[in-house]
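One structure is given here, and the rest of the page talks about it.
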Amino acid sequence: MIRNRRVADMRDITAPEVTRTVELDATVDEVWTALTDDEERAAWFGGSGWIDLRPGGQGEIRTSDGALHHVEVDAVEPGRRLGWRWTPTSGGPASDVEFVVESAPRGTRLTVTERRLDVTDLHATATGPQASGAAPSVTGRLLDLELLFLARSRV
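The opening residue of the sequence shown carries number 57 in my numbering; numbering runs sequentially from there.
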């Protein structure tokens, strides 16, 4: 069951910081795996990539629209918290992203905060791929993660 329709409401796409919380019909371990396993992450995030999941680890993520992002891991608390900075290789503002995973009465609560590091030119951000209504990089993909766990729970 999708319990958080706010994820689809992304009118604040040019905000310097966006936080979204969703409750997923999955265990903490399943959600953690969806965040940290390269193939699992691709299933809901789209695109492809790899991340060396340790503080200071590096990686690359190619999003479903073909954009390539360099990733540097800031924090890893297994089963609880993951943080990274990702920067589009074609230019544009980098973002710090933090995932917090918590047990909830009916599954797992996932809170994602994406903080843009350079928002001096919001017009440039709003005229890029996100201007069409697409959500900020990571927070906008949470609905896809919810739908993935919904589909898996019905199999």
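Backbone N, C-alpha and C fix where the C-beta goes; we use that ideal spot for every residue, glycine too. These numbers come from a predicted model, not from an experiment.
Exposure label - residue i; buried when at least 16 CB within 10 Å
i, result
"GLY163", "buried"
"LEU138", "buried"
"ARG76", "buried"
"GLU170", "buried"
Residue i versus the options, residue with shortest Cα-Cα distance
i, options, result
"THR89", "ASP130, VAL127, VAL157, GLU128", "VAL157"
"ALA160", "ARG97, THR119, ARG136, ARG171", "ARG136"
"GLY115", "GLY147, GLU133, THR92, ALA99", "THR92"
"SER120", "VAL78, SER151, GLY105, GLY112", "GLY105"
"GLU133", "PRO149, GLU154, ARG141", "GLU154"
"ASP81", "LEU173, ASP174, LEU166", "LEU166"
"ASP152", "ARG141, THR145, SER146", "ARG141"
"LEU124", "GLY112, ALA150, VAL74", "ALA150"
"LEU109", "ASP94, TRP100, ALA98", "ASP94"
Separation of residue j from residue i, as counted between CA atoms
i, j, result
"ILE247", "GLU128", "The displayed coordinates of the chain run from 57 to 211. Any statement about residue 247 would go beyond what the structure contains."
"GLY122", "GLY102", "10 Å"
"VAL84", "HIS126", "27 Å"
"ALA131", "VAL168", "14 Å"
"VAL78", "VAL87", "11 Å"
"ARG172", "GLU96", "25 Å"
"GLY148", "VAL194", "15 Å"
"PRO72", "THR143", "15 Å"
"ILE117", "THR145", "10 Å"
"VAL74", "ASP174", "14 Å"
Q. What are the complete alpha helix (DSSP H) segments, minimum 4 residues, inside the segment 67-146?
A. 84-92, 94-101
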